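Q: Below is one structure. I have some questions about it.
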Amino acid sequence: METPKHPKGPTLRQFQARFPTEDACLEHLKLVRYGVKHTCAKCDREAKYYRVKARRSYECEHCGYQVYPTAGTPFHGTRTSLRDWFYVMFLFTSTRNGVAAKRVQREIGVTYKTAWRMCKLIRAYMGYVDGDPILGGGGIIVETDKTFIGGYDKQGEGDKKVVLGMVERDGNVVARHIPSRSGRFVIPEILKTVRKGAAINSDAARAFEALEIHGYVHHPYNSLKGERGGTSVIEGFWGMLKRGINGTYISVSQQHLQTYLNEFEFRYNLRHQPHTMFDRLLLSFPPR
Ligand SMILES: [Zn+2]
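Be aware that the sequence shown starts at 123, since it is given in this note's numbering, and climbs by one per residue.
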């Protein structure tokens, strides 16, 4: 069967049917983190684990050793229920434009501070899932471009924040918040992310001039002269990022911009497998 070009993730209704209760959430978390069976840390035997009543734990069928599926996750030690956490994570994996803390506050009835903290943590874990993919090689063209978030100055000065994007056509995107638009900051990020020798498309900005010296096959084009170059994919990502940041988050501080970029990267890079987003996010919590 052919995969549809824009597969859809689960609907809210499907999600709620899958996780109707606190116990269902805990059971799922246990399955994702430990599997159906795993070797007991205490008796060293392959064991099934059974739920301990009135606790958020499971015990080994042989020796009674207890494990807590929430240990080491953001869910541990918060008063927010797993159902609420799962719901907010669902929102993050199903939206296109991001999730405002105000919305979380309103929909699950927590304080703004709690809602903001939940969103911040989820974004951080989205960054861990996505990691730092390496782009290019094998004849794949990488598009790179800079964009500016916030502020007024078209040159990227003042309080505008500079973001460098790199994307493989049909592949992954990497977006990095950099201190300025100069080549001094642009080139090292490209060296870190794009395989040596890869073909790179960009505009004719000076910051990209050194790409050839660094062993890339560089195709600059001049947008002022109306040349149709090849950065339409990264421009599409900018469009999505800006709709999200301007429409949902309104303003984003220097300090937190990278975590917002990670959120949009996560969704973009998993766009062909939306059904896996939620579990990948759960799996990103560090092992105990
Ligand atoms: Zn055991």
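Note that the Cβ used here is the ideal one computed from N, Cα and C, for glycine as well.
Quantities reported herein were computed from a predicted structural model and do not represent experimental measurements.
Hey, PHE197 and TRP207 are a contact pair by Cβ (cut 8 Å); roughly how many whole angstroms apart?
A: That belief holds up - the Cβ atoms of PHE197 and TRP207 are roughly 5 Å apart, short of 8 Å.
Q: Nearest by alpha-carbon distance to LEU148: which of GLY305, GLY131, THR195, ALA326 is it?
A: Here the closest residue by C-alpha is THR195.
Q: Which class does ARG173 belong to by DSSP, given the choice of helix, strand or coil?
A: Of the three classes helix, strand and coil, the one that applies to ARG173 here is strand, per DSSP.
Q: What's the C-alpha gap between ARG410 and ALA329?
A: Low confidence applies here, because ARG410 scores a pLDDT of 38, under 50, leaving its location unreliable; read the following figure in that light. Approximately 44 Å, taken between the alpha carbons.
Q: Regarding LYS164 and ligand 1, is the C-beta to nearest heavy atom distance less than 8 Å?
A: Result yes, Cβ under 8 Å from ligand 1.
Q: With a cut-off of 8 Å on the beta carbons, I'd call THR269 and VAL285 a contact; round off their distance for me.
A: Correct: roughly 5 Å between the Cβ atoms.
Q: Give the straight-line distance between the Cα atoms of SER324 and THR192, rounded to the nearest whole angstrom.
A: Taking the straight line joining both Cα atoms gives about 45 Å.
Q: Could you compute how far the alpha carbon of ASN344 sits from the alpha carbon of GLU331?
A: Spanning the two alpha carbons is a distance of roughly 13 Å.
Q: Taking a contact to mean a Cβ-Cβ separation below 9 Å, would you say GLN188 touches ARG177 in this structure?
A: Result yes, Cβ atoms of GLN188 and ARG177 sit closer than 9 Å.
Q: I'd like the span of the beta strand (DSSP E) that includes ILE300, first residue to last.
A: Here the beta strand (DSSP E) through ILE300 covers 295-300.
Q: Would you identify the three-state DSSP class for LEU333, choosing helix, strand or coil?
A: Helix.
Q: What are the boundary residues of the alpha helix (DSSP H) that GLU181 is part of?
A: From DSSP, GLU181 is part of no alpha helix (DSSP H) but of the beta strand (DSSP E) over 179-182.
Q: Put GLY131 into one of helix, strand or coil per three-state DSSP.
A: Coil at GLY131, not helix or strand.
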